[in-house]
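Report on one structure; see the data block that follows.
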Amino acid sequence: MDGICQERHIVQHFMNYFLEKKPISSDKRMMILGYHHSNSPTRSSFIHIHSIGENLRQLAYSGKYKKRRIFSGVESSPLGEEAFEVWRDSALTIVADWPGSGPVLCRKIQENLRGPALDLIKLHREVCLQDGPEKLIELLEDTYGPVEDEIEMLYKFQSCIQKDKESLSEYLKRLQQMLKLLVCRRIIATDCVDSMRLLQLFQGASSMDPTAVMLRS
410 MDGICQERHI VQHFMNYFLE KKPISSDKRM MILGYHHSNS PTRSSFIHIH
460 SIGENLRQLA YSGKYKKRRI FSGVESSPLG EEAFEVWRDS ALTIVADWPG
510 SGPVLCRKIQ ENLRGPALDL IKLHREVCLQ DGPEKLIELL EDTYGPVEDE
560 IEMLYKFQSC IQKDKESLSE YLKRLQQMLK LLVCRRIIAT DCVDSMRLLQ
610 LFQGASSMDP TAVMLRS
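Mapping the sequence shown onto our numbering, position 177 (from 1) lands on 586, and the numbers just tick up by one.
Right under this line is the structure:
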């Protein structure tokens with residue numbers, strides 16, 4: 410499978426996830442995909458966007474996501490530790506794509522913490538053991554995350570476009586990270602994520618990207 414076909418395969422699997430997760434009418438589906446009644450998509454267009462799952466998960470766990478990232482909450486990060494934003498983005502990816510259970514993810518988050526940050530999570534879990542990994546990251550975000558304006562963060566997402574020489578799957582991962590942060594900051598609700606991601610993918614994808622062109626054809 411060449412690079413373009415592999416890229417298209419991954420994105421098609423991803424998009425089908427949203428279209429199957431939240432069934433919509435064929436007219437609305439065509440509107441989301443950028444089609445109009447005067448220019449109806451061919452049957453192959455919908456075949457292109459069919460079936461999801463492990464491909465995107467495997468993509469998220471390839472390369473840099475396998476690196477163990479440590480965060481301690483110490484003001485001056487010790488050698489070998491990450492800044493909070495880097496650690497947070499890695500943790501959000503793990504939460505979204507890790508195939509294990511909630512308790513396993515909570516333990517994995519704790520394994521990647523040291524010092525005051527670890528003490529904070531341990532104390533929280535003693536009182537709220539039922540909280541899942543998302544809540545733990547949210548607590549760390551409230552404690553160590555940078556202060557950003559909500560409107561500015563939303564604008565940044567809605568202005569996010571595919572960069573020159575950036576693959577569509579890399580662009581898609583950037584959108585995912587931004588949406589996860591918006592949810593973590595409680596700026597948007599979880600049930601808004603799918604529609605916002607799909608809409609921005611089609612609005613922001615380059616008209617010169619061969620994979621985007623194939624998906625729209």
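Each residue gets a CB set at the ideal place from its N, CA and C atoms; glycine is no exception. All figures in this text were calculated on a predicted structure; none of them were measured in a lab.
Unbroken alpha helix (DSSP H) run spanning residue i, endpoints
i	result
I570	Here I570 belongs to no alpha helix (DSSP H), and DSSP marks it neither H nor E.
L607	V602 to G613
V483	Element bounds for V483: n/a, residue is neither H nor E.
Top-ranked residue by Cα proximity to residue i, from the options
i	options	result
R497	Q586, G489, D618 and K582	Q586
S616	K582, L577, V602 and R606	L577
V513	A500, P525 and L529	A500
E543	V536, R523, I503 and F480	I503
D551	Q609, R516 and A526	A526
D506	K531, Q609 and K589	K589
L529	E557, F480 and P555	F480
H533	L522, R523, L545 and G613	L545
G511	L488, L538 and G524	L538
Q571	D603, K565 and E579	E579
R478	E575, N521, T620 and S486	N521
L581	I597, A621 and L548	A621
L548	D600, D558, R595 and Q609	R595
L610	T599, V592 and F566	F566
K574	E557, M562, P619 and P555	P619
E494	Y553, M605, D540 and L607	Y553
I560	E484, G541, L591 and K531	L591
C593	L607, L563, A614 and Q612	L563
L584	R516, G613, V536 and A492	G613
C515	S486, G541, M623 and I597	G541
G489	S568, L608, R523 and I518	R523
S568	P487, I518 and L608	L608
Which of helix, strand or coil DSSP assigns to residue i
i	result
E490	coil
S510	coil
V618	Here residue 618 turns out to be Asp, not Val, going by the sequence shown. D618 falls in the coil class under three-state DSSP.
R497	helix
A598	coil
L624	helix
L590	helix
TODO: Please specify which runs of the alpha helix (DSSP H), each continuous and at least 4 residues long, are wholly inside the region 512-584, giving them in chain order.
DONE: 524-536, 542-553 and 559-567
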